[in-house]
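Have a look at the structure below before the remarks.
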Amino acid sequence: MTKLIADEFAGVDLFIEYPNSIELLTLSTSLLWEILKARNSLCFNGDHYEPIDIVNKGFI
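My numbering runs 6 ahead of the 1-based position in the sequence shown.
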């Protein structure tokens, strides 16, 4: 059986079970926003953030 790359990720079951869940969409958007902000901060200001700090900000 061929396994998709997406099946390797930890949260894929939640997206399959609740594809229209507003909470998942909000969380995903928040995490992506924090990753983008950290990336821009690194590129433009030279600031480095730990990954756990980025994820924690996304959950708040």
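For every residue, glycine included, the Cβ atom is placed at its ideal position computed from N, Cα and C.
- Taking C-alpha positions only, residue 29 is separated from residue 50 by approximately 31 Å.
- For residue 63, same chain residues with a beta-carbon under 7 Å away, outside a window of 5 residues either side, are 40 in chain order.
- Out of 34, 57, 35, the CA that lies nearest to the CA of residue 45 is found in 57.
- With a contact defined as Cβ atoms closer than 8 Å, residue 37 and residue 61 qualify at about 7 Å.
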